[in-house]
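Residue numbering for the sequence shown is 1175 to 1400, as defined by our numbering.
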Amino acid sequence: MPSPSQKARALEALHKEIRKCRRCPLWATRTQAVPGVGPPDARVMLVGEAPGRQEDVQGQPFVGTAGRLLDTLLSSVGLSRGEVYITNVVKSRPFIGPPPGHNRAPTAGEIVACRAWLDDQLRIIQPEIVAVMGRVALEYFFPNRKISEVHGRALAHDGRIILPLFHPAAAFHRQELRETLKQDFLKLGQLVRARSSRRSSRARLAQAAPPMKRKERSRRAQNTPG
Ligand code: URA
């Protein structure tokens, strides 16, 4: 398991690579790429679709109107932006029309070109819970699932929990989704708390157990997967 400082160095190097990325034509029209923000050892990762205009200007994900709603939803369940890692599937802003243009959904080609960056972020950060916001982020993990059918349900994927959520921006077009989003964020809060209490009881058990002899420790290390 890499130490927090190893993770920090790996993530910083990855962010540098993402800022230089030219794997799809979006590099030519962006102000800057938006790699992601948050602690390199965050236990919770939030994944959106792609940067919008504000994000493109500031170089940070979710800093526009959808971002403000996201902050409110996070704090309603006792989480802050500072303790989660936030990123998008696509790291550069897709838009149409003459600059500044209008945000648009990323194309399949842009999503494929960007895919490896999110793979790397997951590999480095190793979050326990990934909240995927909207269709594009859900499809990264579950290409055949629909957000309207699985939102608010914890799904297992590669040893971690994926929690599908509606994209906060959807609540601006469909008011009724605000309540759904609130309820689904409650689920996120519950998952985080359940994981934390599991960790503390494990730590308490480890403290209470008598120290393991060296021979026994090495025997277990050889037999235990991962
Ligand atoms: N919408 C997204 O999907 N990502 C952002 O960073 C901002 C808005």
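Glycine included, C-beta positions come from ideal geometry on N, C-alpha and C.
Annotation: the continuous beta strand (DSSP E) that includes residue 1261 extends over 1259 to 1262. The ligand URA has no heavy atom closer than 8 Å to the beta-carbon of residue 1347.
Residue 1309: not part of any beta strand (DSSP E); member of the alpha helix (DSSP H) spanning 1309 to 1315, first to last residue. DSSP, reduced to helix, strand and coil, places residue 1218 within a strand of the structure shown.
By the CB criterion at 9 Å, residue 1303 and residue 1218 fall inside the cutoff.
In the structure shown, the three-state DSSP call for residue 1189 is helix.
Judged by DSSP in its simplified three-state form, residue 1253 adopts coil rather than helix or strand. Per DSSP, residue 1278 lies in no beta strand (DSSP E) segment and is marked neither H nor E. Across the structure, residue 1228 and residue 1206 are spaced so that their CA atoms are roughly 11 Å apart.
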